[in-house]
Structures are given as structure tokens and as C-alpha cells.
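Comments concern the structure below.
Here it is as C-alpha cells:
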């Protein structure tokens, strides 16, 4: 069957698109009552209301599939996006966007480090289990120590990436008050970085990490890494 072609006249709105069944009903109503009839428009309103409801429900379902840790990260990303300049300037606008992009990259890097650390923890567990079957004690110890060394390196990388991300977010976006911001501006000048005037925001206490985490406790950061990796896995599975 040849597809129906609709010629768009100048200044005419783009025709609304509907599903096959709804479009067939609309076509029948147009033939029976006329193109702009009340019956046609009423039916279209019902269809659009249903489609809007489905979109809202779909977005809500996706949101509900996120765990608390991912929701906190998303909240911080939204706060970063909300940051505005005090005075509009094209040059400074570009710098602000670069800072926003950089902060997102650093959070993403922290998440990747969390996943890498979790993988090393799982690998150590598997290695320890498998190595138990080795009768040679020296070989057993070497395998476990080698795996644990890689886990420790991943742990160090995780802590470093989290601290870098937190420092960057705090320095570039947090509202500290005039006195601290003055000192921060001097710090930027010493590093030959431009300090731009923005409407600063207030992040949660530990920024993209929950308040239950002690930022100076290595084990707490390790636990967060495992938990956030589990949330990411569940979220991806729910969307697949």
C-alpha cells in the first residue's frame, strides 16, 4: 500500500504523529465529521493525554530504578548544570561550560574507579578461593599477594579520583562566603587559573557521596565503591 503523503504548506505546523491504530481512527473521524471537527480534535486530545501520561510514567519508572547513591550523584549533576554567571560574557560563559564539563568528567572517573576497585575485590576473592587448591604454599601466597596488590592499587586510585573530584567541585561551584572566596580567588591566581564570578550553589554535605561516609576513612570509600557499582549494575539491568 502506498504511504500517505502530507504536503506541508508555508508556515504550517508540522503534522502531529500518532500510532497506526490511532491514525486510522482519526482518518475515519475526519472523513465522517470533517478535518477540523470537534469529534476529531476531542479524540486527538485524548490520544495526546495518554501519550503524555506514558512518557511521564516511563520517566518515573526509570527514576525509581535508581538507588539512593545514584540519585545523589544525579542531584549534584543537576546543581552543577544550574550554576549561572553573575554577569553574562561570552568568554566567561565558555570557561563556565568547560568547568561544568570537567566536573562531570571527574565524577564519571570516580564511578569508573569504583567499578574497577570492585572488580579487583571480586578478583581477589576468586583468586583466594582457587589458590586454596594449590598444594604449594609459596605459589598460593604469591598468587594471593599479587591479586591483593592490584586491589590496593585500585583502592589508591579510587581515593585519589574521589578527592580530586570533590576538591574541584568545591573550589569551582560551592558558595563559601566572601572571606573564603577571596582566599580561593588568590589560590586560583597563584595557579594562573581564571576565577569567574558565578551564582554559587550548596551541595550536600559530602557532595556526591552520602553523609554516612567518612571521607577520611579508606574503608568507607571502599564500601561506597562496591555499593554504587551494585546500583549501577541493577540500574543497567532494569533498563535492558
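Residue numbers (our numbering): 83 to 322.
C-beta atoms are modelled at their ideal positions from N, C-alpha and C, and glycine is treated no differently.
As the structure is a computational prediction, the values presented were derived from the model and not from experiment.
Beta-bridge partners assigned by DSSP to residue 168: none are found. Contact between residue 185 and residue 283 is absent: CB atoms are separated by about 12 Å, not below the 8 Å threshold.
For residue 155, the three-state secondary structure derived from DSSP is helix. In the structure shown, residue 244 falls within a helical segment according to DSSP collapsed to helix, strand and coil. Classified as exposed, residue 260 has fewer than 16 neighbouring CB atoms from the shown chains inside 10 Å of its CB. Looking only at 258, 251, 201, 250, the smallest Cα-Cα distance to residue 234 is reached by 201. The C-beta distance from residue 196 to residue 307 rounds to 4 Å, short enough to meet the 8 Å contact threshold.
Contact between the stretch 147 to 162 and the stretch 289 to 301 is present, with at least three C-beta pairs closer than 8 Å. Judged by beta-carbon spacing, residue 278 lies within the 9 Å limit of residue 181, meaning their Cβ atoms are closer than that value.
Residue pairing from DSSP places residue 280 in a beta bridge opposite 167.
Rounded to whole angstroms, the gap between the alpha carbons of residue 118 and residue 111 is 10 Å. Shown here, residue 221 sits in a helix according to DSSP, grouped into three states. In summary, residue 229 is buried, with 16 or more beta-carbon neighbours lying within 10 Å of its beta-carbon over all protein chains present.
Within the model, the alpha-carbon separation for residue 265 versus residue 177 is close to 20 Å.
With a cutoff of 9 Å on beta-carbon distance, residue 317 and residue 149 are scored as near each other. In its chain, beyond the 5 residues on either side, 266 have a beta carbon closer than 7 Å to the beta carbon of residue 253. Boundaries of the alpha helix (DSSP H) harbouring residue 300: 300 to 321, taken from the DSSP string. Annotation: residue 270 to residue 174 spans about 15 Å, alpha carbon to alpha carbon. Under the DSSP definition of a beta bridge, residue 256 partners with 283. DSSP, reduced to helix, strand and coil, places residue 210 within a helical segment of the structure shown. In the structure shown, the three-state DSSP call for residue 216 is coil. Taking residue 168 as the centre and dropping the five residues before and after it, the same chain places the C-beta of 279, 280, 281 closer than 8 Å to its C-beta, in chain order.
By the 16-neighbour rule on beta-carbons within 10 angstroms, residue 122 is buried.
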